[in-house]
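Here is the structure we will look at.
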Amino acid sequence: MHSMEDPSGMTDTPSRAASPGQLLRTAREAKGLHLAVLSVALKVPTRQLEALENDQYDMFKGTAFLRALAQAMCRHLGLDPAPVLAGLPKALSPLSQASPRLVEPVVSGSTVSWGRSMSRGKGVSRQVWMLAALMLVGSVALIWWPGTASEASAPAEVVQDGAPAPVPMEQASEAVEMAAQPASAEMHQASAKPSAASSAAVKPLVSTSMPVAAASQDKAVAEDAPLVMRASADAWVSVRDSRGEIVFKRQVKAGESVKLDISAPLFVYAGRADGMELLWRGKLVDLKPFTQNNEVRLPIKP
1132 MHSMEDPSGM TDTPSRAASP GQLLRTAREA KGLHLAVLSV ALKVPTRQLE
1182 ALENDQYDMF KGTAFLRALA QAMCRHLGLD PAPVLAGLPK ALSPLSQASP
1232 RLVEPVVSGS TVSWGRSMSR GKGVSRQVWM LAALMLVGSV ALIWWPGTAS
1282 EASAPAEVVQ DGAPAPVPME QASEAVEMAA QPASAEMHQA SAKPSAASSA
1332 AVKPLVSTSM PVAAASQDKA VAEDAPLVMR ASADAWVSVR DSRGEIVFKR
1382 QVKAGESVKL DISAPLFVYA GRADGMELLW RGKLVDLKPF TQNNEVRLPI
1432 KP
């Protein structure tokens, strides 16, 4: 009697197999990567990564982009893509329900309608169209994604020469603080007390001017804030607090110094290790053990 029940118990194990999204989430958490950091690395919106990890395939327009995104995540996380791709759907249900009576693909300009015959004898054509759609989606993502560190998107994030530029809502307070900085070192010292009073209302304080002989200012910065970052080259920087929330995320220009009043544990990501110097509670941090491919991923513990 017991031997007859064993096969039924074995048939239940496949149903408990991890889904593609669970495999990707487990690999990402094992690497200690936040979705925001992975989003910057892959240049893909965070909501799409969340949808893939939650197995919400209806948010994707086609299987080509879905499978390409899964492969990119596996490659970045060092995960074998075979089990992940095997669990992904071969076709999305909204596409199959949109045109059930079509027999041949109808092409008009840039519009393509897929019929049932594509799955029967048009395998080569379907791959060509899927590749073209993937290239189109990738080019649109590269154009519109605001997280790139290229020169084209840099003017939208940094205020230069006193001219206001449109910035995201989360950086509005930083732009106001940078615009209020005096042009000379004497005026900066005269307004040190008002700046210290406003630091209680605005958490990240940015000093856009960094003189050559600024040893005394560097000491004052190290004493005022626990976390100090100085950039010798343009670099994309993001900082997450102990709750995983992003408290600082933007491109830091060369010669710029950033200080944050934040407590550990926290996580710091910098896009260029060779152009970044970081101090924690007044002590210089060695970034080499936390650098890979010239990218810094530094966890700071209490």
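Residue 1132 is where the sequence shown starts when you use the numbering used here, and the numbers rise one by one after that.
Every residue gets a Cβ at the ideal spot worked out from N, C-alpha and C, and that includes glycine.
Quick caveat, the model's predicted, so the values are computed rather than measured.
Requested in this report: Starting from the Cα of F1191, find the closest Cα among A1161, L1265, Q1382 and give me that residue.
Outcome: The shortest Cα separation from F1191 among A1161, L1265, Q1382 belongs to L1265.
Query raised in the report: From the DSSP output, which residues share a beta bridge with A1362?
Result: According to DSSP, which records beta bridges pairwise, A1362 is partnered with M1407.
Query raised in the report: Between which two residues does the beta strand (DSSP E) carrying Q1382 extend?
Result: Here the beta strand (DSSP E) through Q1382 covers 1377-1383.
Report task. Would you kindly check if the distance between the Cβ of M1261 and the Cβ of A1201 is under 8 Å? Result -> Their beta carbons are not under 8 Å apart, which means A1201 does not touch M1261 by this criterion.
Query raised in the report: Within 10 angstroms of its Cβ, does L1267 collect 16 or more other Cβ (buried), or is it exposed?
Result: Burial state of L1267 is exposed, judged by a 10 Å Cβ sphere holding fewer than 16 other Cβ atoms.
Query raised in the report: With A1435 and L1208 assumed to form a contact (beta carbons below 8 Å), what rounded beta-carbon distance in angstroms separates them?
Result: With the chain covering only 1132 through 1433, there is no way to say anything about residue 1435.
Report task. Rank A1366, W1367, S1388, I1393 by C-alpha distance to the C-alpha of V1378 and give the top, closest one. Result -> I1393 is the residue among A1366, W1367, S1388, I1393 whose C-alpha sits nearest the C-alpha of V1378.
Query - Nearest-angstrom Cβ-Cβ length linking V1359 and K1384, presumed shorter than 8 Å - result: Between the beta-carbon of V1359 and that of K1384 there is about 16 Å, and that puts the pair past the 8 Å contact cut.
Query raised in the report: Taking C-alpha atoms, which residue in R1412, L1397, C1205, W1367 lies nearest to D1355?
Result: Between D1355 and the set R1412, L1397, C1205, W1367, the nearest pair of CA atoms involves R1412.
Query - Residue of A1395, K1432, S1373, S1369 minimising C-alpha distance to M1407 - result: It is S1369.
Query raised in the report: Where does P1220 fall in DSSP's three states?
Result: Of the three classes helix, strand and coil, the one that applies to P1220 here is coil, per DSSP.
Query raised in the report: Do you know how far the Cα of L1415 is from the Cα of K1221?
Result: Answer to the nearest angstrom: the Cα atoms are 51 Å apart.
Query raised in the report: In or out: A1148 buried (at least 16 other Cβ within 10 Å) or exposed?
Result: Counting Cβ neighbours within 10 Å, A1148 comes out exposed, since fewer than 16 surround it.
Query raised in the report: Is there at least one Cβ from chain D nearer than 8 Å to E1426's Cβ?
Result: As a matter of chain content, chain D is missing from the structure shown, which is built from one protein chain.
Query raised in the report: Roughly how many whole angstroms lie between the Cα atoms of R1206 and N1425?
Result: One C-alpha to the other measures close to 18 Å.
Query raised in the report: CA-CA distance, E1376 and R1257?
Result: Straight across, the Cα-Cα distance linking E1376 with R1257 is about 42 Å.
Query raised in the report: In its own chain, which residues sit with a C-beta less than 6 Å from the C-beta of A1404, not counting the 5 before and 5 after it?
Result: Excluding sequence neighbours, A1404 sits near L1418, T1422, N1425, V1427.
Report task. Quick one: residues in its chain with C-beta nearer than 6 Å to the C-beta of P1357, no 5 flanking neighbours on either side, listed in chain order? Result -> Cβ within range, chain order: R1412.
Query raised in the report: So the beta strand (DSSP E) F1398 belongs to, where does it begin and stop?
Result: Counting along the chain, the beta strand (DSSP E) containing F1398 begins and ends at 1397-1401.
Query raised in the report: Residues in its own chain within less than 7 Å of L1197 by CB, not counting five upstream and five downstream?
Result: Answer for L1197: Y1188, F1191, L1219, listed in chain order.
Query raised in the report: Which value, in whole angstroms, describes the spacing of the CA atoms of A1401 and V1259?
Result: Near 38 Å, if we compare the C-alpha coordinates of V1259 and A1401.
Query raised in the report: What did DSSP end up calling I1431 once you bin it into helix, strand or coil?
Result: In this structure, DSSP gives I1431 an extended state, which the three-state scheme calls strand.
Report task. Could you tell me which of R1381, L1154, D1372 sits nearest to A1217, measuring between CA atoms? Result -> The residue with the shortest Cα to Cα distance from A1217 is L1154.
Report task. Assuming V1509 and L1409 form a contact by the criterion Cβ under 8 Å, report the distance between their Cβ atoms to the nearest whole angstrom. Result -> Given that the chain is displayed from residue 1132 to residue 1433, the structure contains no residue 1509 and the question cannot be resolved.
Query raised in the report: Going along the chain, which residues of its own chain have a beta-carbon closer than 6 Å to the beta-carbon of S1373, five neighbours each way excluded?
Result: Here the set comprises P1396.
Query raised in the report: In terms of residues, what are the limits of the beta strand (DSSP E) holding S1388?
Result: Run containing S1388: 1388-1391, per the beta strand (DSSP E) assignment.
Query raised in the report: Got a sec, what are the start and stop residues for the alpha helix (DSSP H) L1180 sits in?
Result: Boundaries of the alpha helix (DSSP H) around L1180: 1177-1184.
Query raised in the report: Among the residues of its own chain, which have a CB less than 7 Å from the CB of E1181, if the five just before and after it don't count?
Result: Here the set comprises L1166.
Query raised in the report: Helix, strand or coil: how does DSSP classify K1162 here?
Result: Helix at K1162.
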